[in-house]
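In mature numbering (1 follows the signal peptide of the UniProt record, and there is no 0), the protein residues as written are -20 to -1, 1 to 251. In this text, a Cβ means the ideal position worked out from N, Cα and C, and glycines have one as well. Here the structure is laid out as structure tokens; the discussion comes afterwards.
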Amino acid sequence: MKIILSLIVFFATISLVANASESYWAIRTDLRKCAYPMCGGYFVREVGSNKSEVYVKSLNQTVKGGGSTVDESLYKFAPSYTVVVKGDIKKDEIIVSKIFRLLPKPDKPFNFDSELNNFYIVDSKETNSNIEIKKLNSNKSEKLNSIENSYSQDVSFVPMDWLEYKVTTGESVFTVSGRIDSNKTVSIDYMFISLPDPKLCPKELIAVRCANGTIPTYTIAATRCLSFSGCVHRGICPLVVPGCSGGYTLKSYASKPNGCPRYYCIPSFLS
């Protein structure tokens, strides 16, 4: 029994050490033309550090808790340093457990060097009324009363409940503008959302079929998962279709009470 307990403690310690070694890195795709693996991988820069970027031949994803890997098309060839990964460099590859991609702001291009020391994540394990944000790759943290989000003003028709969900669950890393004010509030300047998105949505086991000329309607959760909400007769719908900000794509779903489309905008790399 003592041997079994010792083994459990040993492997738990290894796991903690492995998790502790992970850092956050911004990446850019290597576009040089030469034979792989000397070229064609990624250059990575440690967030919050002035160290030079490092070349790795590949990004190797680890999957935990029944999750899924991120399709390479969602991050490879993204603009330089608009993808942040959580992981550890092992030899000539980076072992990654989380991938985040920037939500663009069409009128405010992102500059990684300007934001290098300004990346945070919410501690999703916090249980009291305060919000704790942790600075990436450091031991610094701050207790807050609230977090504001500039995307509500800067990006048209982006679902703010989705962004709030991403932030409060630790599924987003972000930069903040200015300092924490007297009300213990900060404003998010740029957000990087975790991929894939959405994830772990319930699968529809039976295709929805509505009778008597009715059509299916849906609701959408903060996770961006759709749920069937009943069949309705189609009514008269507004003819105006909203437009999305640059870098975003219009999406819609039929909604109650009359089956009209409900529109929203998501970053084009998710469409």
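Strand pairing of residue i, partner residues [DSSP]
i	result
G67	S3 and V76
V153	I101 and F172
C240	S235
R81	V63 and I173
E26	W5
Y198	F208
I246	T229
L39	I74
V166	I127
I160	Its beta-bridge partners do not exist; DSSP assigns none.
V34	V24
Cut-off 8 Å between Cβ atoms - residues of its own chain near residue i, not counting five sequence neighbours on either side
i	result
D51	P176
E112	V102, D103, E106, S121, E122, K123 and L124
K231	Y243, Y244, C245, I246 and S251
S174	K78, I79, F80, K146, E151 and S152
Q133	none
Y131	L83, K85, V138, M140, L143, I168 and M171
Cβ-based burial, residue i [other Cβ within 10 Å; buried from 16]
i	result
F92	buried
T165	exposed
I246	buried
L219	exposed
R189	exposed
V64	buried
P241	exposed
S152	buried
N110	exposed
A6	buried
L82	buried
Residues near residue i in its chain [Cβ-Cβ closer than 6 Å; skip 5 each side]
i	result
S251	T229
S162	none
T199	S207 and S209
F(-11)	Reliability of the predicted coordinates at F(-11) is poor, the pLDDT of 37 falling under 50, and the value obtained from them is presented with this limitation in mind. If we look at F(-11) and ignore the five residues flanking it on each side, it has no Cβ neighbours.
Span of the beta strand (DSSP E) around residue i
i	result
K146	First-last for K146: M140 to T148, but that is the alpha helix (DSSP H), not the beta strand (DSSP E).
K114	I111 to K115
Opening and closing residue of the alpha helix (DSSP H) in which residue i lies
i	result
F208	Careful: F208 lies outside any alpha helix (DSSP H), inside the beta strand (DSSP E) at L206 to V212.
E95	F92 to E95
Cβ-based neighbour list, residue i, same chain, cut-off 7 Å, excluding 5 preceding and 5 following
i	result
G227	P84, P86, P247 and S248
E33	F23, V24 and R25
G21	D10, Y35, V36, K37 and S38
W142	A202 and R204
S53	none
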